Structure formats: C-alpha cells, structure tokens
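Chemist: Mind looking over this structure? Questions follow.
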Amino acid sequence: MSKVIKILGTGCPKCQSMTAVVKDVVAANNIDATIEKVEDIMEIMKFNIMTTPALVIDNVIKIKGRVPSKEEVLALLN
Amino acid sequence: MFDWLQHIADWLIYSVFGIAAETKLGTSLNFFVYDTLKILILLFFIVFLMGIVNAYFPIEKLKNYLNKKKLYGLEYFFSAVFGAVTPFCSCSSVPLFIGFVQGGIPLGVTFSFLITSPLVNEVAIAMFLGMFGVKATLIYAVSGILLGTIGGWLLGKLNLEPLLSDWVKKILDNKMKQAEYEEEKQTFSQRLPEITRGAWDIVRGVLLYVIIGIAIGAAMHGYVPENFFNQYLGGGEWWTVPLAVILAVPMYANAAGIVPVIEVFVAKGVPLGTAIAFMMATVGLSIPEATLLKKVMSLRLIAIFFGVITIAIIFSGFLFNMIL
Numbered sequence: 021m022s023k024v025i026k027i028l029g030t031g032c033p034k035c036q037s038m039t040a041v042v043k044d045v046v047a048a049n050n051i052d053a054t055i056e057k058v059e060d061i062m063e064i065m066k067f068n069i070m071t072t073p074a075l076v077i078d079n080v081i082k083i084k085g086r087v088p089s090k091e092e093v094l095a096l097l098n
Numbered sequence: 018m019f020d021w022l023q024h025i026a027d028w029l030i031y032s033v034f035g036i037a038a039e040t041k042l043g044t045s046l047n048f049f050v051y052d053t054l055k056i057l058i059l060l061f062f063i064v065f066l067m068g069i070v071n072a073y074f075p076i077e078k079l080k081n082y083l084n085k086k087k088l089y090g091l092e093y094f095f096s097a098v099f100g101a102v103t104p105f106c107s108c109s110s111v112p113l114f115i116g117f118v119q120g121g122i123p124l125g126v127t128f129s130f131l132i133t134s135p136l137v138n139e140v141a142i143a144m145f146l147g148m149f150g151v152k153a154t155l156i157y158a159v160s161g162i163l164l165g166t167i168g169g170w171l172l173g174k175l176n177l178e179p180l181l182s183d184w185v186k187k188i189l190d191n192k193m194k195q196a197e198y199e200e201e202k203q204t205f206s207q208r209l210p211e212i213t214r215g216a217w218d219i220v221r222g223v224l225l226y227v228i229i230g231i232a233i234g235a236a237m238h239g240y241v242p243e244n245f246f247n248q249y250l251g252g253g254e255w256w257t258v259p260l261a262v263i264l265a266v267p268m269y270a271n272a273a274g275i276v277p278v279i280e281v282f283v284a285k286g287v288p289l290g291t292a293i294a295f296m297m298a299t300v301g302l303s304i305p306e307a308t309l310l311k312k313v314m315s316l317r318l319i320a321i322f323f324g325v326i327t328i329a330i331i332f333s334g335f336l337f338n339m340i341l
C-alpha cells in the first residue's frame with residue numbers, strides 16, 4: 021500500500037534538509053510513497069507539534085524537531 | 018587558552034606573508050586570522066554542546082510542568098531559563114508559542130520563553146565568549162534571562178489574550194489532542210553523528226557572517242583611531258543608550274556578524290553596557306521575527322510586545338553602564 025509521507029515545517033533550512041533526506045531515501049529504494057510538504061502553519065498546528073521539522077508517515081508523527089539520517093528514515097518506511 | 022592560536026596568526030602574517038607587525042595592514046590581518054580561528058573553534062564547540070542538550074531536552078515535560086505546578090511567579094523565571102537553554106530556531110518559534118498557549122500556559126509565561134529564546138542563543142554566547150570573555154558573556158546571559166522574566170511578567174499583567182489572531186483563539190477554544198506519536202528510540206551513539214552534522218550545519222550557515230563581521234572588525238581595529246567613538250557614542254550621554262537600542266531593533270544582523278563589530282566599538286571607547294543593549298535589541302527583536310509572529314498575534318500585540326522589550330533593554334543598558 022502506498023504510504024503517505026508528510027513533512028511539516030515552515031521552510032527553515034532544517035526542514036529543507038529533512039525533505040532532501042526523505043526524497044533521497046524514497047527514490048533510492050523505490051518506495052511506493054507520496055511526499056507532501058506541509059508549510060502552512062495552520063495545517064502544521066493541526067498535528068500539535070512544538071518543534072519543526074516533523075516527519076509524519078500515514079498520519080503518525082515519527083520524528084520531530086530534528087533532521088534524521090537516511091538509515092533511520094529507511095527503517096521507518098519499512 | 019588560545020595562545021597557540023596567536024602564535025599561528027603571528028607566524029602566518031609576519032613570517033609567511035612577511036607583513037611587518039607595526040603596519041596597520043599587519044595588525045588588521047593578524048587580528049582577522051586570530052579571531053576567525055578562535056571564534057570558529059568556540060562556535061563549533063558550543064553549538065555541538067547545545068545540540069546534545071537539544072536532543073534530550075524534554076520540551077513536552079517542561080510544558081506540562083509549567084502548566085501544572087503553582088510556582089508563585091517563578092514560572093516566568095523557569096520559562097526564561099528554558100528559553101535560554103533550548104537552541105533557538107526562528108521557524109520553531111510559532112509552533113512553540115502555540116504549543117505553550119494551547120497547553121494552558123499563561124500568555125505572560127509564554128512570552129518569557131519567547132523573549133529569552135532568541136536573545137540567549139548558542140551562536141550569540143559563543144561569539145560573546147570569543148570577543149568579550151567570560152564575564153561579559155555571563156552578564157549578557159543572566160540579563161537576557163532576567164529580561165525575559167520581567168518582560169514576560171509585565172506582558173502577562175496586561176491581559177493581552179484578546180489580541181491573539183482569531184485562528185489561534187479558535188485553537189485555544191477547542192483543545193486539540195496531539196496526533197498519534199511514536200516515542201523515538203535511539204541511543205546516544207546513534208544520534209551523535211546526526212548531532213555533529215547539525216552543529217556543523219549551523220556553523221557553516223553562519224560562517225560567512227562570522228568572516229565578514231570579523232573582517233569589518235579587523236579593518237576598523239587597524240584604521241579607526243583610538244577613542245573615535247568617544248566623541249559620538251562613548252561620552253556617556255544618557256541618550257546614547259536609547260539611540261543605540263532603537264537603531265538596533267529593525268536590524269536583523271546575525272549575532273555571528275554583529276558581535277565582532279561591536280567588539281571594536283567597545284575597544285574604541287563605547288561603554289560595554291551600551292554595546293550589550295545594542296546587541297540584545299539586534300538579536301532579540303527583528304522585522305523577520307515580527308513577520309513570523311504576525312501569524313499568531315495582531316499587529317497591536319506585536320507592537321506592545323516589541324515596545325515593552327525595547328524599553329526593558331534600554332533600562333538594562335543604563336543599568337550595565339552604571340554597574341560595569
């Protein structure tokens with residue numbers, strides 16, 4: 021089943037690095053997933069997080085406030 | 018502690034480049050090399066330490082703690098201290114703000130956090146330590162925390178909740194539950210590479226500002242005559258502090274770029290208190306921050322917030338100049 025990945029962040033450098041990491045992992049491993057960047061603060065606050073960037077996979081918050089490594093993202097997606 | 022760096026700078030400029038130590042160019046270049054190396058080492062070290070603190074800082078627990086306990090006014094102080102120890106990222110300030118208010122923390126206590134967080138941050142501390150030494154750094158950090166405590170308490174007394182943005186008020190009304198969250202399980206050794214990379218990213222991000230700031234500072238050191246600023250800013254006239262602060266509020270100089278320039282001002286005769294006040298107004302209040310806050314506050318609330326803090330910084334400038 022296709023996974024829905026959301027990256028929450030208002031566009032700060034850290035959020036961009038997270039997006040880059042996730043895109044790399046998805047492309048390199050042929051993972052069936054859609055990546056959505058959520059930049060609107062009102063949408064972000066619906067997840068009630070306090071630190072950005074945050075990684076949400078299938079509506080579960082997996083990581084918040086830091087940029088994960090590729091290995092970690094891969095582990096979360098499998 | 019940094020003697021060996023001075024030797025490197027001396028060797029590089031006077032021996033390798035063969036520029037005489039007595040020339041203005043020699044003094045400036047030596048200063049530039051020494052300061053750049055020293056600051057970069059300090060910067061990486063402190064940012065790295067803060068990265069570790071950040072990785073383990075229990076922000077959710079803090080939120081619950083500030084909310085539940087009756088702290089007899091100390092909550093403003095705690096909130097300001099937490100603002101100081103959490104590394105600041107301007108993009109997190111709005112989510113943090115809403116998270117706090119939503120968690121039932123009074124607006125004033127939230128403001129304490131919001132004031133101190135950009136004011137006392139790892140880059141500013143590293144730069145201060147490198148350029149002014151331990152004593153000035155402590156004064157800066159402690160007064161940043163006191164400023165947050167008092168500023169938050171004052172703003173709390175003003176009952177400003179009605180001036181929040183409509184959508185924030187709506188969020189406050191129907192308390193939301195947090196989306197499902199899986200606790201992260203990662204060991205320290207797993208996180209260390211990531212923390213190191215994060216620290217390096219921050220240092221790399223401010224590298225250019227550090228170099229430009231130190232270059233300007235170095236050039237001024239060599240070419241601006243001693244006591245030059247005394248005639249304009251350093252004479253201790255009472256209006257120099259408000260002037261410096263008001264000039265600084267709209268400026269958005271990265272702490273990394275502004276501190277080396279301030280250091281020269283002080284070396285050439287500007288009182289340290291005026292310089293610290295200038296620095297606080299530059300990093301603590303800025304147009305980009307106001308733009309971010311615009312999403313959660315009305316313009317009037319931002320104006321009150323900035324006004325109260327500006328006045329508080331001016332007063333602390335006076336105080337520093339009296340006691341230092």
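Listed in order, the protein sequences are those of chains A and B. For what it's worth, the numbering used here labels the leading residue of the first sequence as 21, then goes sequentially. For what it's worth, the numbering used here labels the leading residue of the second sequence as 18, then goes sequentially. Backbone N, C-alpha and C define an ideal beta-carbon position, used for all residues, glycine too. In this text, all values refer to a predicted model and were calculated from it rather than measured experimentally.
Do residue 77(A) and residue 57(A) have their C-beta atoms within less than 8 angstroms of each other?
Modeler: On the first sequence, residue 77(A) is found 57 positions in, with the first residue counted as 1. On the first sequence, residue 57(A) is found 37 positions in, with the first residue counted as 1. The answer is no: Cβ separation not under 8 angstroms.
Chemist: What do you reckon, is the C-beta of residue 130(B) under 7 angstroms from a heavy atom of the ligand NAP?
Modeler: Here there are no bound small molecules, and the ligand NAP is not part of this structure.
Chemist: Mind pulling the chain A residues with CB within less than 9 angstroms of residue 211(B)?
Modeler: Counted from its first residue, the second sequence places residue 211(B) at position 194. 86, 87, 88, 89, 92, listed in chain order.
Chemist: Residues in the segment 154-185 of chain B with C-beta within 8 angstroms of chain A's C-beta atoms, listed in sequence order?
Modeler: 184
Chemist: Can you name, in chain order, every residue of its own chain whose Cβ lies under 6 angstroms from the Cβ of residue 275(B), other than the five neighbours on each side?
Modeler: Walking along the second sequence from the start, residue 275(B) turns up at place 258. Cβ neighbours of residue 275(B) beyond the five flanking positions: 299.
Chemist: When you compare each of 92(B), 50(B), 37(B), 32(B) to residue 233(B) by their alpha carbons, which one comes out closest?
Modeler: Here residue 233(B) is taken as the residue at index 216 of the second sequence, counted from 1. Out of 92(B), 50(B), 37(B), 32(B), the CA that lies nearest to the CA of residue 233(B) is found in 50(B).
Chemist: So for residue 24(A), helix, strand or coil by DSSP?
Modeler: Residue 24(A) sits at position 4 when you count from the first residue of the first sequence. DSSP places residue 24(A) in strand when its eight states are reduced to three.
Chemist: Does DSSP classify residue 75(A) as helix, strand or coil?
Modeler: Within the first sequence, the letter at position 55 stands for residue 75(A). Strand at residue 75(A).
Chemist: Under 7 angstroms Cβ-Cβ, which residues of chain B neighbour residue 62(A)?
Modeler: Here residue 62(A) corresponds to residue number 42 of the first sequence, with the count starting at 1. Within chain B, the residues near residue 62(A) are 184.
Chemist: For residue 58(A), name the three-state secondary structure that DSSP assigns.
Modeler: In the first sequence, residue 58(A) corresponds to position 38, counting from 1. Three-state result, residue 58(A): strand.
Chemist: By the 9 angstroms beta-carbon criterion, what residues does the segment 27-51 of chain A contribute toward chain B?
Modeler: 28, 29, 30, 31, 32, 33, 34, 35, 37
Chemist: By the criterion of Cβ-Cβ separation under 8 angstroms, what are the contact partners of residue 113(B) in chain A?
Modeler: Reading the second sequence from its first residue, position 96 is the one you call residue 113(B). Result: 70, 71.
Chemist: What are the complete alpha helix (DSSP H) segments, minimum 4 residues, inside the segment 64-131 of chain B?
Modeler: 76-85, 91-102, 110-119
Chemist: Hey, residue 314(B) and residue 180(B): beta-carbon distance below 8 angstroms or not?
Modeler: The residue given as residue 314(B) occupies position 297 in the second sequence. The residue given as residue 180(B) occupies position 163 in the second sequence. Against a cut-off of 8 angstroms, the Cβ pair of residue 180(B) and residue 314(B) comes out as a contact.
Chemist: On the three-state DSSP scale, how would you describe residue 41(B)?
Modeler: Start at 1 with the first residue of the second sequence, and residue 41(B) comes out as number 24. The answer is helix: DSSP assigns residue 41(B) an H, G or I state.
Chemist: Just grab the DSSP bridge partners of residue 43(A) for me.
Modeler: By 1-based counting over the first sequence, the position of residue 43(A) is 23. The partner list for residue 43(A) (beta bridge, DSSP) is empty, contrary to what the question assumes.
Chemist: Could you tell me which chain A residues have their CB closer than 9 angstroms to the CB of residue 76(B), listed as they occur along the chain?
Modeler: Along the second sequence, read from residue 1 onward, the residue named residue 76(B) stands at position 59. Within 9 angstroms Cβ-Cβ: 70, 71, 85.
Chemist: Take residue 95(B) as the anchor and find which of 163(B), 112(B), 156(B), 188(B) has the nearest alpha-carbon.
Modeler: By one-based count along the second sequence, residue 95(B) stands at place 78. Residue 163(B) is the option with its Cα nearest to residue 95(B).
Chemist: Where does residue 36(B) fall in DSSP's three states?
Modeler: As a position in the second sequence, residue 36(B) is number 19, starting the count at 1. Here residue 36(B) sits in coil by DSSP.
Chemist: Could you tell me how far apart the beta carbons of residue 260(B) and residue 341(B) are, in whole angstroms, since I believe they sit closer than 8 angstroms?
Modeler: Working through the second sequence from its first residue, we reach residue 260(B) at position 243. Working through the second sequence from its first residue, we reach residue 341(B) at position 324. Not quite, the Cβ-Cβ distance comes to about 19 angstroms (not below 8 angstroms), so this is no contact.
Chemist: Excluding the five sequence neighbours on either side, which residues of its own chain have a C-beta within less than 6 angstroms of the C-beta of residue 84(B), listed in chain order?
Modeler: In the second sequence, residue 84(B) corresponds to position 67, counting from 1. Only 120, 121, 122 meet the Cβ criterion.
Chemist: Using alpha carbons as the reference points, say which of 54(A), 29(A), 62(A), 35(A) lies closest to residue 97(A).
Modeler: Within the first sequence, numbered from 1, the residue matching residue 97(A) stands at position 77. Considering only alpha carbons, the answer is 54(A).
Chemist: Check for me: the beta strand (DSSP E) holding residue 80(A) runs from which residue to which?
Modeler: The sequence position of residue 80(A) within the first sequence is 60, counting from 1. Residue 80(A) -> beta strand (DSSP E) spans 80-84.
Chemist: Residues of the segment 287-316 of chain B with a CB closer than 7 angstroms to any CB of chain A: list them in chain order, please.
Modeler: 312
Chemist: For residue 266(B) versus residue 295(B), is the C-beta spacing smaller than 8 angstroms?
Modeler: Within the second sequence, residue 266(B) is the residue found at index 249, counting from 1. Within the second sequence, residue 295(B) is the residue found at index 278, counting from 1. No.
Chemist: Taking the alpha-carbon of residue 188(B) as reference, which of 88(A), 66(A), 74(A), 95(A) has the nearest alpha-carbon?
Modeler: Taking the first residue of the second sequence as 1, we reach residue 188(B) at position 171. Distance check between residue 188(B) and each of 88(A), 66(A), 74(A), 95(A) places 66(A) closest, using alpha-carbon atoms only.
Chemist: If distances are taken between C-alpha atoms only, which option among 231(B), 44(B), 27(B) comes closest to residue 240(B)?
Modeler: For this step, residue 240(B) is matched to residue 223 along the second sequence. Nearest of 231(B), 44(B), 27(B) to residue 240(B), Cα basis: 44(B).
Chemist: Name the DSSP bridge partner or partners of residue 181(B)?
Modeler: Translated into positions along the second sequence, residue 181(B) becomes position 164. Beta-bridge partners of residue 181(B) (DSSP): 314(B).
Chemist: Rounded to a whole number of angstroms, what is the C-alpha to C-alpha distance between residue 213(B) and residue 68(B)?
Modeler: Residue numbering aside, residue 213(B) sits at position 196 when the second sequence is read from its first letter. Residue numbering aside, residue 68(B) sits at position 51 when the second sequence is read from its first letter. When rounded, the distance between both Cα atoms is 8 angstroms.
Chemist: Going by beta carbon distance, what residues of the same chain come within less than 7 angstroms of residue 216(B), once the five residues before and after it are set aside?
Modeler: Sequence index remark: in the second sequence, residue 216(B) carries index 199 (1-based). Residues of the same chain with a CB within less than 7 angstroms of the CB of residue 216(B), apart from the 5 flanking positions on each side, are 61, 64, 65, 68 in chain order.
Chemist: Mind checking whether residue 309(B) and residue 110(B) have CB atoms under 8 angstroms apart?
Modeler: Translated into the one-based positions of the second sequence, residue 309(B) becomes position 292. Translated into the one-based positions of the second sequence, residue 110(B) becomes position 93. In this structure, the beta-carbon distance from residue 309(B) to residue 110(B) falls below 8 angstroms.
Chemist: Under 6 angstroms Cβ to Cβ from residue 48(B), same chain only, skipping five residues before and after it: list those, please.
Modeler: Locating residue 48(B) in the second sequence gives position 31, where the first residue counts as 1. Here the set comprises 235, 238.
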